[in-house]
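Residue numbers (full-length UniProt numbering): 1 to 244. Virtual Cβ for every residue (Gly too), placed ideally from N, Cα, C. Here the structure comes first, spelled out in structure tokens, and everything after it is commentary.
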């Protein structure tokens, strides 16, 4: 059976562990491969990045030697931007494009002027904690844990700078399909989500789910079903091509 790999990029402040549950909840033909970013998780000792381009190129160089087609990319929030940049960086290295790019929970690369307003400068600890409250993804108990916040806030500060200082390059769009997921109560507008269509010459879709910014956890089963349904088409197509 042809395996399809799904590379998963985390959102701001998170490690690759946010996708660990997915490994047990996808079909056998789909391998979930969470991508750890420098400065967190198993890579905690490495320096944090605040520039999207160099980070994407570093991760692409690390992935390229062992990455086998077919593969897809999924990213939520910061991870969506990073997934897009990694797709371009892998293409520059001579790697085949992904069979699909899933961009979840954020405005398109070319429509971020309003979305990321105020994120280009470092935020104070208090501002970061207020932002976490706004996103409704962190309990008050966790926010009040000074030891945990001391570990989390530097990562979050760097990740917000990654988003706020992000400037997409002028380049040829991807050829692979781009599938966008959005939360009905999230910050990204319909126009900002549809803007992802500019990133591809291929097919494009938008699926809206109930919930706020962390709808991927609130509605995990539906998110995984959407991913599986889109990728099953590519899996069958690739399998037939191999056996032909």
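Residue i, enclosing alpha helix (DSSP H) - first and last residue
{"i": "residue 193", "result": "190-194"}
{"i": "residue 88", "result": "78-92"}
{"i": "residue 154", "result": "146-164"}
{"i": "residue 126", "result": "125-135"}
{"i": "residue 143", "result": "140-143"}
{"i": "residue 215", "result": "215-218"}
Any chain C beta carbon closer than 8 Å to residue i
{"i": "residue 187", "result": "Note that chain C does not occur in the displayed structure, where there is just one protein chain."}
Residues sharing a beta bridge with residue i, DSSP
{"i": "residue 207", "result": "181"}
{"i": "residue 8", "result": "34 and 74"}
{"i": "residue 200", "result": "174"}
{"i": "residue 100", "result": "72"}
Residue range of the unbroken beta strand (DSSP E) whose run includes residue i
{"i": "residue 56", "result": "First-last for residue 56: 52-63, but that is the alpha helix (DSSP H), not the beta strand (DSSP E)."}
{"i": "residue 18", "result": "Looking at the DSSP string, residue 18 is not in any beta strand (DSSP E), and its letter there is neither H nor E."}
When the options are compared against residue i, the one with the closest alpha-carbon
{"i": "residue 96", "options": "104, 68 and 74", "result": "68"}
{"i": "residue 44", "options": "154, 238 and 34", "result": "154"}
{"i": "residue 157", "options": "131, 141 and 145", "result": "131"}
{"i": "residue 179", "options": "186, 208 and 169", "result": "208"}
{"i": "residue 175", "options": "19, 51, 13 and 91", "result": "91"}
{"i": "residue 114", "options": "191, 127, 2 and 171", "result": "191"}
{"i": "residue 144", "options": "135, 159 and 126", "result": "126"}
{"i": "residue 71", "options": "181, 177, 219 and 213", "result": "177"}
{"i": "residue 50", "options": "61, 38 and 86", "result": "38"}
{"i": "residue 36", "options": "189, 20 and 128", "result": "20"}
{"i": "residue 112", "options": "187, 213 and 223", "result": "187"}
{"i": "residue 233", "options": "160, 86, 217 and 203", "result": "203"}
{"i": "residue 66", "options": "197, 165, 7 and 116", "result": "7"}
Inter-residue CB distance, residue i and residue j (contact presumed, cutoff 8 Å)
{"i": "residue 88", "j": "residue 11", "result": "The pair is not a contact, with the Cβ atoms about 20 Å apart (cut-off 8 Å)."}
{"i": "residue 247", "j": "residue 73", "result": "Any question about residue 247 goes unanswered here, given that the chain covers just 1 to 244."}
{"i": "residue 163", "j": "residue 215", "result": "About 18 Å separates the two Cβ atoms, so there is no contact after all."}
{"i": "residue 93", "j": "residue 64", "result": "5 Å"}
{"i": "residue 195", "j": "residue 105", "result": "That belief does not hold up - the Cβ atoms of residue 195 and residue 105 are roughly 14 Å apart, past 8 Å."}
{"i": "residue 9", "j": "residue 79", "result": "3 Å"}
{"i": "residue 226", "j": "residue 193", "result": "Actually they do not touch by this definition, with Cβ atoms about 14 Å apart."}
{"i": "residue 25", "j": "residue 224", "result": "6 Å"}
{"i": "residue 142", "j": "residue 148", "result": "6 Å"}
{"i": "residue 98", "j": "residue 161", "result": "The Cβ separation is near 26 Å, so there is no contact."}
Exposure label - residue i; buried when at least 16 CB within 10 Å
{"i": "residue 16", "result": "buried"}
{"i": "residue 237", "result": "exposed"}
{"i": "residue 4", "result": "buried"}
{"i": "residue 139", "result": "exposed"}
{"i": "residue 199", "result": "buried"}
{"i": "residue 173", "result": "exposed"}
{"i": "residue 167", "result": "exposed"}
{"i": "residue 108", "result": "buried"}
{"i": "residue 201", "result": "exposed"}
{"i": "residue 40", "result": "buried"}
{"i": "residue 170", "result": "exposed"}
{"i": "residue 151", "result": "exposed"}
{"i": "residue 34", "result": "buried"}
{"i": "residue 146", "result": "exposed"}
{"i": "residue 217", "result": "exposed"}
{"i": "residue 229", "result": "exposed"}
{"i": "residue 185", "result": "exposed"}
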